[in-house]
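A.B. asks: Just dropping this structure here.
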Amino acid sequence: MLALPKLLASRHQQPPKEKKKTQGRRGHNCHSWCGTLDSSLDSKDHCSGSWIVPFLAYTAGFRKESLTYRGQALCSLLTDVAEGVVGIAILRHCLAKFQPLSSDWFKFEVKGKWQFDVGLGCLMFPLINQLSQMNLNLLPVLQYTPVTISSVEQSIVARDPVAMALYAVVVSVCAPIWEEIVFRGFLLPSLTKYMPVWSAILVSSIAFALAHFNIQRMLPLVFLGMVMGTVFVRSRNLFPSMLLHSLWNAFVFLDLMK
């Protein structure tokens with residue numbers, strides 16, 4: 012298996028000391044993405060984007076548990092879309108004073124030589140599964156912790172096709188788009204202004220794992236974040252990392268259906 016640092020070495024170069032005109036897409040460096048960008052999403056912005064919609068629904072007396080499986084799935088889809096829209100709006104507001112941004116920011120292109128990287132990332136899925144088991148062995152669920160079954164698992168057990176299809180859209184489409192925009196599109200290149208690119212990949216991957224609020228999944232999520240970060244840095248393109256993220260979520264979802 013090719014080591015991750017070697018994946019990047021062929022395309023990553025140290026930034027020049029003097030500002031020079033870049034030649035070709037391969038000549039761009041992560042550090043150049045940042046420019047004068049000093050803003051970041053603080054905890055207030057994160058809470059607004061990720062928690063404000065569910066919080067408002069809860070305070071209004073809405074209880075998701077009272078819905079049918081299909082109702083819960085539709086609610087999850089609408090909530091995820093709303094959170095993504097709010098979060099992207101906040102991100103746009105934070106970046107407004109830095110407009111116009113460089114064309115390297117939030118680049119999304121289907122074209123490009125990214126297929127090998129995505130394929131290699133998919134081959135790492137079994138390894139990520141092994142890391143999940145290793146993480147669980149290191150930090151097992153405490154005996155007094157109540158065992159809860161998520162609405163996704165309940166729908167799968169009930170074999171409700173409509174609910175399962177809605178959840179598939181949530182995990183394989185909505186989540187990858189929003190999370191990749193934040194963690195690979197914004198956070199990772201922002202960090203490269205203050206640290207080497209590999210440190211930025213690691214730190215953004217840790218932030219990605221922490222955002223899932225599940226200590227039993229820290230190891231696999233950090234590793235997954237590093238894989239997607241590497242794919243993003245090599246391609247300078249959000250589409251490959253979004254696709255890999257979507258394929259991973261679909262892999263997990265299909266595994267739950269067994």
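For the sequence shown, this note's numbering gives the first residue as 12, with consecutive numbering after it.
We treat Cβ as the ideally placed atom computed from N, Cα and C, and that holds for glycine.
These numbers come from a predicted model, not from an experiment.
Mind checking T79: buried by the 16 CB within 10 Å criterion, or exposed?
C.D. replies: On the sequence shown, residue 79 is found 68 positions in, with the first residue counted as 1. When all chains shown are included, T79 counts as exposed.
A.B. asks: Under three-state DSSP, which class holds A222?
C.D. replies: In the sequence shown, the residue the question calls residue 222 occupies position 211. In the structure shown, A222 sits in coil (DSSP, three-state: anything other than H, G, I, E or B).
A.B. asks: Less than 9 Å between the C-beta atoms of S183 and S257, yes or no?
C.D. replies: Sequence index remark: in the sequence shown, residue 183 carries index 172 (1-based). Sequence index remark: in the sequence shown, residue 257 carries index 246 (1-based). Their beta carbons are under 9 Å apart, which means S183 touches S257 by this criterion.
A.B. asks: Provide the residue span of the alpha helix (DSSP H) that contains D266, from first to last.
C.D. replies: Stepping through the sequence shown from its first residue, residue 266 is reached at position 255. Unbroken alpha helix (DSSP H) run through D266: L249 to L267.
A.B. asks: Just to confirm before moving on: does the CB-CB distance between Y178 and L88 stay below 9 Å?
C.D. replies: Indexing the sequence shown from 1 puts residue 178 at position 167. Indexing the sequence shown from 1 puts residue 88 at position 77. Going by C-beta atoms, Y178 is nearer than 9 Å to L88.
A.B. asks: Tell me which residue opens and which closes the alpha helix (DSSP H) that W189 is part of.
C.D. replies: Here the question's residue 189 lines up with position 178 in the sequence shown. Taken as a continuous stretch (DSSP letters only), the alpha helix (DSSP H) holding W189 covers A186 to E191.
A.B. asks: Only counting the same chain, and skipping five residues up and downstream in sequence, which positions put a Cβ closer than 7 Å to that of L254?
C.D. replies: In the sequence shown, the residue the question calls residue 254 occupies position 243. So the list reads V129, once near-sequence residues are dropped.
A.B. asks: Should the region 92-109 be called in touch with the region 186-198, which here means at least 3 C-beta pairs below 8 Å?
C.D. replies: The region 92-109 vs the region 186-198: in contact.
A.B. asks: Quick one: residues in its chain with C-beta nearer than 7 Å to the C-beta of I139, no 5 flanking neighbours on either side, listed in chain order?
C.D. replies: Counting from one through the sequence shown, the residue named residue 139 turns up at place 128. Once the five neighbours on either side are set aside, the close Cβ partners of I139 are P231, F234 and L235.
A.B. asks: Within a Cβ cutoff of 7 Å, which residues of the same chain sit near L199, ignoring the five residues on either side of it in sequence?
C.D. replies: Here residue 199 is taken as the residue at index 188 of the sequence shown, counted from 1. So the list reads A211, I212, S215, G240 and F243, once near-sequence residues are dropped.
A.B. asks: Can you give me the Cβ contacts of P27 inside the same chain, cut-off strictly under 7 Å, excluding the 5 residues immediately before and after it?
C.D. replies: In the sequence shown, counting from the first residue as 1, residue 27 sits at position 16. Because the pLDDT of P27 is 40, which lies under 50, any placement of that residue in the model is unreliable, and the number read from its coordinates should be weighed accordingly. Correct list: empty, nothing qualifies.
A.B. asks: Count the other C-beta atoms from every protein chain shown that fall within 10 angstroms of the C-beta of I226, then say buried if there are 16 or more, exposed otherwise.
C.D. replies: Sequence index remark: in the sequence shown, residue 226 carries index 215 (1-based). I226 should be labelled exposed.
A.B. asks: Put V182 into one of helix, strand or coil per three-state DSSP.
C.D. replies: Counting from one through the sequence shown, the residue named residue 182 turns up at place 171. In the structure shown, V182 sits in a helix (DSSP, three-state: H, G or I).
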